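Take a look at the structure set out below.
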């Protein structure tokens, strides 16, 4: 209900004085009026004191204070409705009428202070409304970054990225909700209000799905370990190197890592993780031992990445990579550089930078660098060239040349063409 105004209170008190008729029993109305008046006397001074700090109150605190004002106003109405049943010339009634009028004046003053503070915040939010639509679009874009946990390896990395960014995503959502709290119920705040509600719905779906996926992930990891063991046994029995050369084992290990990362992030301290990590190491050891025993056969089957790209900027891409490579490895003999992709891959995303999300619009392409390691063996390294579309298509080269060169990245020089 809306708080009664001083005019309404004065009218009620006038009617109480001029139109009252004695009731058969006066004790109950008087007792009720006193009962409600005690609540009013208790809470109105608190609201008066709280109003002194209205200027520094947050939007939700102001709204809560106004809710309290309305509640006190309802109690005051209850007092007046009981007084209307009592003789106006009774001393006790007169005293209650005066107390009610005084508290009504105090309550209205507090209400006006809270409303003024709320109006000031709304005006400030209105002033910021020039950016509200842009911020609403950003929140919608951030919502699209929320990808639910999954046992589908194709989308698992997206879920991992979601979990790692979740604190910042929620922080950004809360900041927008606070910034525009004063206008979310107004027309100017419609799109932002809808964006917040949609974000919250997507976030809840993520959390619900996480509870379903967590118990499934250990089984997925176990299945991948079994797949690796089957491929290794098949390779040993038939002398078949394809599980190693075609990437089947590496793909199983990659999926295993994705599932384990999800489990660790979604359920920190999960007792299964330690056991599964230990089993993962045992599986990798089995693969390494088998590879070592079949190294010669595997090297015979290894092939170099195909050269698939035919874009007009191919020469420029290769020149960038060559320059970056020679800067770090001037003595290495580069046999060839292949681009094993048909086109640049473009992605738009948001990256958390210190205290806010920054939009990214990047394209990237991969280059395989074939290097002569010895007269018998060649190595394959990879470089990624990225292009920043928000910085005038500025390009950067990142070369993956760290750590041991794994067997599947080696080839026999005699097979190089």
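Numbering (our numbering), first residue to last: 21 to 437. Think of the CB as a built atom: it goes at the ideal place given N, C-alpha and C, for glycine as much as any other residue. Quick caveat, the model's predicted, so the values are computed rather than measured.
- Taking the C-beta atoms as reference points, residue 103 is found nearer than 9 Å to residue 120.
- Shortest Cα-Cα distance from residue 70 to any of 131, 59, 91 and 60 involves 131.
- Secondary structure in the region 281 to 334: the alpha helix (DSSP H) runs of 4 residues or longer, each lying completely within the stretch, are 291 to 313 and 315 to 321 in chain order.
- Cβ atoms of residue 180 and residue 282 come within 8 Å of each other, at about 6 Å.
- By the Cβ criterion, the region 305 to 324 is in contact with the region 249 to 267, since at least three pairs of Cβ atoms, one from each stretch, lie closer than 8 Å.
- Around the CB of residue 117, 16 or more other CB atoms lie within 10 Å, so the residue is classed as buried.
- Less than 9 Å divides the Cβ of residue 384 from the Cβ of residue 406.
- The region 392 to 402 and the region 214 to 230 do not touch, with fewer than three beta-carbon pairs separated by less than 8 Å.
- Secondary structure of residue 220 (DSSP, three-state): helix.
- In the displayed model, residue 436 falls within coil according to three-state DSSP, outside both helix and strand.
- If the five residues before and after residue 360 are omitted, its C-beta is found closer than 6 Å to the C-beta atoms of 325, 326, 328 and 388, all from its own chain and listed in chain order.
- DSSP, read as helix, strand or coil, puts residue 64 in helix.
- Checking the DSSP bridge columns, you'll see residue 408 partnered with 382 and 414.
- Here residue 165 has 181, 182, 185, 189, 369 and 370 as same chain residues with Cβ atoms under 8 Å from its own Cβ, once five neighbours each way along the sequence are excluded.
- Three or more Cβ pairs closer than 8 Å define a contact, and the region 202 to 209 falls short of that threshold against the region 221 to 229.
- For residue 390, the beta-bridge partners assigned by DSSP are 356 and 400.
- Checking the DSSP bridge columns, you'll see residue 419 partnered with 403.
- Sixteen is the threshold: when 16 or more other Cβ atoms of the shown chains lie within 10 Å of the Cβ of residue 322, as they do, the residue is buried.
- Annotation: the region 201 to 250 contains the following complete segments of the alpha helix (DSSP H) (minimum length 4 residues), in chain order: 210 to 233.
- For residue 365, the pairing in a beta bridge is given by DSSP as 384.
- Straight through space, the alpha carbons of residue 402 and residue 427 are spaced by roughly 15 Å.
- The beta carbons of residue 286 and residue 233 sit closer together than 9 Å.
- By the C-beta criterion, the region 64 to 83 is judged to be in contact with the region 133 to 145, since at least 3 inter-stretch pairs fall below 8 Å.
- Contact between residue 156 and residue 77 is absent: CB atoms are separated by about 25 Å, not below the 8 Å threshold.
- Excluding residues up to 5 positions away in sequence, 173 and 244 lie with their Cβ nearer than 6 Å to the Cβ of residue 275 in the same chain.
- By the CB criterion at 9 Å, residue 52 and residue 98 fall inside the cutoff.
- Taking the Cα positions, residue 292 is about 25 Å away from residue 224.
- For residue 93, the enclosing alpha helix (DSSP H) covers residues 79 to 103.
- Residue 154: member of the alpha helix (DSSP H) spanning 152 to 163, first to last residue.
- In this structure, residue 382 and residue 409 form a Cβ contact; the two beta carbons are roughly 7 Å apart against a cut-off of 8 Å.
- The beta carbon of residue 68 lies closer than 6 Å to those of 126 and 130 in the same chain, with the five residues before and after it left out.
- For residue 199, the enclosing alpha helix (DSSP H) covers residues 173 to 199.
- When the beta-carbon positions are compared, residue 195 and residue 204 stay at least 9 Å from each other.
- A distance below 7 Å between beta-carbons, with the five flanking residues on each side excluded, links residue 391 to the following residues of its chain, in chain order: 352, 353, 354, 355, 398, 399 and 401.
- Excluding sequence positions up to five before and after residue 404, its CB lies within less than 7 Å of the CB of 384, 386 and 418, all in the same chain and listed in chain order.
- One alpha carbon belongs to residue 423, the other to residue 259, and they sit about 29 Å apart.
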